[in-house]
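The block underneath contains the structure these notes are about, expressed in structure tokens.
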Amino acid sequence: MKPLSEAILNSQKSAIRKLFELLLKSSDGISFGIGQPDFTSPDFVNNEIIKALKEHKTQYAPALGLPTLRRVVAQKFQNENKIKLADTENIIITNGGSQALQLCFASLSNPGDEVILSSPNFLSYIYLASYYHLKLVEVPRLGNYAPDLEGIRKAVTPKTKFIIINSPNNPTGNVFTKKQMDELVQIVLENDLYLVSDEVYEKFLYENRKHISPASYDEMFERTLTLNALSKTFGATGLRLGYIAANQDIIKLMEKYGQYTTAGVNHPTQYGAIEALVKGNPEIPQVIQQYNKKRLFVVKRLKELQFEVIEPYGAFYIMPKLNPKWNMTSEEFSNNLVKEEHVACVPGNSFGSYSNDSLRISYATTDELLEEGFNRIERFLKRKKMI
Ligand SMILES: Cc1ncc(COP(=O)(O)O)c(C=O)c1O
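Quick note, the sequence shown lines up with residues 680 to 1066 if you use my numbering.
If you want it as structure tokens, here you go:
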């Protein structure tokens, strides 16, 4: 038989899914691999979806999304993200942040173009680059996981089409400062590039960090594709509702691509999304308070257990480095830990070429499971005489 798609064959099955499968085999498994908050979507959102279903809103929705939802999204970008130029015509509704990312890659890419990102980074970017036949240029993050802006500047070539950023970041928890964003904006403008800004963790910030949308710089609006989703802010990963702001030429391409690939987004869910974005999630301040406590607990425990800790200021992940004296790769560590103690952490090498010395731990879980999980990690390290 003739060969199947090389780009897809060559991409790994998600390490996170693999871990889940391993963990499901044990009855007492604890997962620190989860990429979703431990709360679910509010009733005021769910009720609007139920109402839409009862009203039989089950036919195709417009390819760009419901006009009212697009208007509400534009207002959200204007009010919350200071993206003054975002208007209803600049918005498309998507099947979660994931399809938003796919549409960004699809609308910007020609085979052979180059995309630059800080590494480690969200794993979908790596595979989307290969699905769209792009050359992926990974610029290693600095020791504190900040973006290496000088490195990014040097990595630009005539073939560079866009840079993709994710702040607050999965997996490192890094958050762009204003100074870093100013510098990135300069690089994008000087080199006539596009910028994809994945802002799905915008609400998860600690220690007074502030979220900055690069499209809020007026000169950047035309060349920035800003994406977001209900998934993390509203505990709604299963609703599959995302959205993008971009210039109208890009939105038109996305509309066409969407028509032939997904033919729109779940119709009833879009009514829930209107309600969600008009009201916001009133639980967020309380969630952030709780997650901050979990974050501090995890930092403390990891330090006690002799990991190298780079404190995260956003999202709900931490990416500690394995102690070099343990002489273990991230995959060896996480495989042994799952087998021996039924605790799942994602190996760092799932997030790019420069993080095989680290693990990603999600602390979006209960205090009890965090405590028990870290007790097991301690037992594992002591048994192996690593501490
Ligand atoms: C950085 C980042 N972008 C996008 C997504 C995808 O979001 P969604 O679940 O809305 O598809 C995720 C999900 O984990 C993510 O971590």
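Glycine is no exception: its CB is placed at the ideal position from the N, C-alpha and C atoms.
Suppose you measure from the CA of Gly712 to the CA of Tyr806; what does that come to, to the nearest Å?
Numbered from its first residue, the sequence shown carries residue 712 at position 33. Numbered from its first residue, the sequence shown carries residue 806 at position 127. Between the C-alpha atoms of Gly712 and Tyr806 there is a straight-line separation of about 19 Å.
| Which two residues bound the contiguous alpha helix (DSSP H) that contains Thr903? | Against the sequence shown, residue 903 aligns to sequence position 224. No alpha helix (DSSP H) holds Thr903; the beta strand (DSSP E) holding it covers 903-908.
Examine ligand 1 and report whether any of its heavy atoms sits within less than 7 Å of the Cβ of Ala908.
Within the sequence shown, residue 908 is the residue found at index 229, counting from 1. Indeed, a heavy atom of ligand 1 lies less than 7 Å from the Cβ.
Open item on the list: Give me the residue from Arg749, Leu906, Asn870, Asn774 with the minimum Cα distance to Gly917.
Closed with: On the sequence shown, position 238 is the one that residue 917 refers to. Minimum Cα-Cα distance from Gly917 among the listed residues Arg749, Leu906, Asn870, Asn774 corresponds to Asn774.
Same chain only: Cβ atoms within 6 Å of Arg919, ignoring 5 sequence neighbours per side = Counted from its first residue, the sequence shown places residue 919 at position 240. When the five nearest sequence neighbours on each side are left out, the beta carbons in the same chain lying within less than 6 Å of the beta carbon of Arg919 are those of Asn774, Gly775, in order along the chain.
Is the separation between the beta-carbon of Phe976 and that of Leu1038 shorter than 8 Å? Taking the sequence shown and counting its residues from 1, the one referred to as residue 976 is at position 297. Taking the sequence shown and counting its residues from 1, the one referred to as residue 1038 is at position 359. Result no, Cβ atoms of Phe976 and Leu1038 do not sit closer than 8 Å.
- Message: Can you tell me whether Leu906 is buried or exposed? The criterion is at least 16 other CB atoms within 10 Å of its CB, across all chains shown.
- Response: The residue labelled residue 906 in the question sits at position 227 within the sequence shown. Leu906 comes out buried.
| message | Below 7 Å, is the gap between the Cβ of Leu698 and the nearest heavy atom of ligand 3? | response | With respect to ligand 3, the structure shown offers nothing to examine, as its ligands consist of ligand 1.
Taking 8 Å as the limit between beta carbons, can you name the residues of its chain near Ala834, skipping five residues before and five after? By one-based count along the sequence shown, residue 834 stands at place 155. Contacts found: Ile795, Val816, Val818.
Relative to the C-alpha of Ser1034, which candidate in Tyr922, Leu802, Pro964 has its C-alpha closest? The residue given as residue 1034 occupies position 355 in the sequence shown. Answer by Cα proximity: Leu802.
Worksheet entry | Stretch-stretch touch, CB-based, cutoff 8 Å, three pairs: the segment 741-748 with the segment 930-948 | Touching, yes.
- Limits of the alpha helix (DSSP H) - the one that Glu817 falls within: Position 138 of the sequence shown, counted from the start, is the residue given in the question as residue 817. For Glu817, there is no enclosing alpha helix (DSSP H); the residue is part of the beta strand (DSSP E) that begins and ends at 814-819.
message: Between the alpha carbons of Met1065 and Glu1011, how many angstroms are there, rounded?
response: Taking the first residue of the sequence shown as position 1, residue 1065 is located at position 386. Taking the first residue of the sequence shown as position 1, residue 1011 is located at position 332. Each residue's alpha carbon lies about 14 Å from the other.
**Request:** Tell me whether Ser777 counts as near ligand 1, meaning its Cβ is closer than 7 Å to at least one heavy atom of that ligand.
**Result:** Working through the sequence shown from its first residue, we reach residue 777 at position 98. Answer for Ser777: yes, Cβ within range of ligand 1.
request  = Give the range of the beta strand (DSSP E) segment to which Tyr922 is assigned.
outcome  = For this step, residue 922 is matched to residue 243 along the sequence shown. Where Tyr922 is concerned, the enclosing beta strand (DSSP E) stretches over 921-924.
Discussion item. Rounding to the nearest angstrom, what Cα-Cα distance links Asn726 and Lys733 in this structure?
Written reply: If you number the sequence shown from 1, residue 726 lands on position 47. If you number the sequence shown from 1, residue 733 lands on position 54. Taking the straight line from one Cα to the other gives about 10 Å.
Exercise for review: Enumerate in chain order the residues of its own chain whose CB-to-CB distance from Met933 is below 6 Å, with the five nearest sequence positions on each side excluded.
Suggested key: Reading the sequence shown from its first residue, position 254 is the one you call residue 933. Ile771, Leu782, Ser786.
Since Phe913 and Leu874 are thought to touch, with beta carbons under 8 Å apart, how far apart are those beta carbons, to the nearest angstrom?
For the purposes of this step, residue 913 is taken as residue 234 along the sequence shown, with counting starting at 1. For the purposes of this step, residue 874 is taken as residue 195 along the sequence shown, with counting starting at 1. Phe913 to Leu874, Cβ: 25 Å. No contact.
| Given that a residue counts as buried once 16 or more other Cβ atoms are within 10 Å of its Cβ, and exposed if not, what is Leu884? | Here residue 884 refers to the residue found at position 205 of the sequence shown. Looking at its Cβ environment, which holds 16 or more other Cβ atoms inside 10 Å, Leu884 is buried.
- Item | Rounded straight-line distance, which links the Cα of Ser706 to that of Ala994 | Residue 994 sits at position 315 when you count from the first residue of the sequence shown. Residue 706 sits at position 27 when you count from the first residue of the sequence shown. Each residue's CA atom was taken as its position, placing Ala994 and Ser706 some 28 Å apart.
**Study point:** DSSP three-state assignment for Ile728, whether helix, strand or coil
**Key:** As a first step, residue 728 is located in the sequence shown; it is residue number 49 there, counting from the start. The three-state secondary structure of Ile728, taken from DSSP, is helix.
| message | Spatial neighbours of Lys972 within its chain, please: C-beta separation below 7 Å, excluding the five flanking residues on both sides. | response | The residue you call residue 972 lines up with position 293 of the sequence shown. Excluding residues within five positions, none has a Cβ falling inside 7 Å.
Can Leu780 be considered in contact with ligand 1, in the sense that its beta carbon sits closer than 7 Å to one or more heavy atoms? As a position in the sequence shown, residue 780 is number 101, starting the count at 1. True, at least one ligand heavy atom lies under 7 Å from that Cβ.
- Message: Our contact map puts Val867 next to Arg820 with C-beta atoms below 8 Å; I'd like the distance itself, whole angstroms only.
- Response: As a working mapping, residue 867 is identified with position 188 in the sequence shown. As a working mapping, residue 820 is identified with position 141 in the sequence shown. About 18 Å separates the beta carbons of Val867 and Arg820, which is beyond the 8 Å limit, so they are not a contact pair.
Can you name, in chain order, every residue of its own chain whose Cβ lies under 7 Å from the Cβ of Phe784, other than the five neighbours on each side? What you label residue 784 is simply residue 105 of the sequence shown in a count that begins at 1. Taken in chain order, the residues that qualify are Leu807, Tyr811.
Contact defined as beta carbons within less than 8 Å: I believe Lys1000 pairs with Glu987. What is the distance between those atoms, to the nearest angstrom? As a position in the sequence shown, residue 1000 is number 321, starting the count at 1. As a position in the sequence shown, residue 987 is number 308, starting the count at 1. With a contact defined as Cβ atoms closer than 8 Å, Lys1000 and Glu987 qualify at about 4 Å.
Gly921 and Ala942 closer than 8 Å at C-beta = Within the sequence shown, numbered from 1, the residue matching residue 921 stands at position 242. Within the sequence shown, numbered from 1, the residue matching residue 942 stands at position 263. Contact flag unset, no.
Margin query: Assuming the contact rule is C-beta atoms closer than 8 Å, Ile923 and Thr747 should be a hit. Round their C-beta distance to whole Å, please.
Written below: In the sequence shown, counting from the first residue as 1, residue 923 sits at position 244. In the sequence shown, counting from the first residue as 1, residue 747 sits at position 68. In fact, because the Cβ distance is near 17 Å, the residues do not count as touching under 8 Å.
query = How about Ala894 and Asn853: do their beta carbons lie closer than 8 Å?
reply = By 1-based counting over the sequence shown, the position of residue 894 is 215. By 1-based counting over the sequence shown, the position of residue 853 is 174. Their beta carbons are not under 8 Å apart, which means Ala894 does not touch Asn853 by this criterion.
| said: Suppose contacts are defined by Cβ-Cβ distances below 8 Å. Is Pro850 in contact with Met998 by that definition? | reply: Within the sequence shown, residue 850 is the residue found at index 171, counting from 1. Within the sequence shown, residue 998 is the residue found at index 319, counting from 1. Contact flag set, yes.
Exercise for review: Measuring alpha carbon to alpha carbon, tell me which of Lys704, Glu768, Gln691, Lys858 ends up nearest Lys931.
Suggested key: Along the sequence shown, one-based indexing puts residue 931 at 252. The closest CA to that of Lys931, considering only Lys704, Glu768, Gln691, Lys858, is found on Glu768.
Which ranges would you report for the beta strand (DSSP E) in the segment 787-867 if only whole runs of at least 3 residues count?
With a minimum length of 3 residues, the unbroken runs of beta strand (DSSP E) contained wholly in the segment 787-867 fall at 793-798, 814-819, 839-845.
Report task. Throw me the rounded Cβ distance for the Val751 and Val957 pair, which I believe falls under 8 Å. Result -> Your numbering for residue 751 matches position 72 in the sequence shown. Your numbering for residue 957 matches position 278 in the sequence shown. Yes, they are in contact, since the Cβ atoms of Val751 and Val957 sit about 6 Å apart, within 8 Å.
Rounded to the nearest angstrom, what separates Glu1047 and Phe1053 at their Cα positions? Residue 1047 sits at position 368 when you count from the first residue of the sequence shown. Residue 1053 sits at position 374 when you count from the first residue of the sequence shown. Rounded to the nearest angstrom, the two C-alpha atoms are 10 Å apart.
Contact defined as beta carbons within less than 8 Å: I believe Leu863 pairs with Leu828. What is the distance between those atoms, to the nearest angstrom? Here the question's residue 863 lines up with position 184 in the sequence shown. Here the question's residue 828 lines up with position 149 in the sequence shown. Rounded to the nearest angstrom, the Cβ distance from Leu863 to Leu828 is 6 Å, consistent with a contact under 8 Å.
Which residue wins for smallest C-alpha separation from Asn760, given the options Pro964, Lys889, His946, Tyr739? Against the sequence shown, residue 760 aligns to sequence position 81. Of the candidates Pro964, Lys889, His946, Tyr739, the one whose C-alpha sits nearest the C-alpha of Asn760 is Lys889.
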